[in-house]
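Working notes, structure below.
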Amino acid sequence: MAKSLIDVDEEALAEASALLGTKTKKDTVNTALREAAQRLRRAHALSALAERGEAGDFDQLLDKVNYRPRA
851 MAKSLIDVDE EALAEASALL GTKTKKDTVN TALREAAQRL RRAHALSALA
901 ERGEAGDFDQ LLDKVNYRPR A
């Protein structure tokens, strides 16, 4: 892990700490960074999925005959 000297908004840090349930500045910053990255990754995945849906990539699933073989 790298050390970085940064100016931090103390009010934002305190609020983030309370919301995240962290006790130290280091834990708060690292947890917030991880959560932000995870949320953005999920948002991008959802956007890509929505684009595929709009493009009709899943239209074949609208009719069960297309994906459930008859016995």
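Reminder that position 60 of the sequence shown reads as 910 in this note's numbering, one-by-one numbering, no gaps. Using N, Cα and C, we set each Cβ at its ideal position, and we do this for glycine too. Values in this document were obtained by computation on a predicted structure and should not be read as measured data.
Open item on the list: Please classify residue 874 as buried or exposed, where buried requires at least 16 other C-beta atoms within 10 Å of its C-beta.
Closed with: Numbered from 1 along the sequence shown, position 24 holds the residue referred to as residue 874. Answer is exposed; the Cβ neighbour count stays below 16.
Task: Closest residue to residue 878 among 856, 889, 865 and 890 (Cα-Cα distance) - done: Mapped onto the sequence shown, residue 878 falls at position 28. For residue 878, the nearest C-alpha among the options comes from 865.
Open item on the list: Considering only the alpha carbon of each residue, which of 855, 856, 882 and 857 lies closest to residue 867?
Closed with: As a first step, residue 867 is located in the sequence shown; it is residue number 17 there, counting from the start. Among 855, 856, 882 and 857, the Cα nearest to that of residue 867 belongs to 882.
TODO: Let me know the secondary structure DSSP gives residue 914 once reduced to three states.
DONE: If you number the sequence shown from 1, residue 914 lands on position 64. If DSSP states are grouped into helix, strand and coil, residue 914 belongs with the helices.
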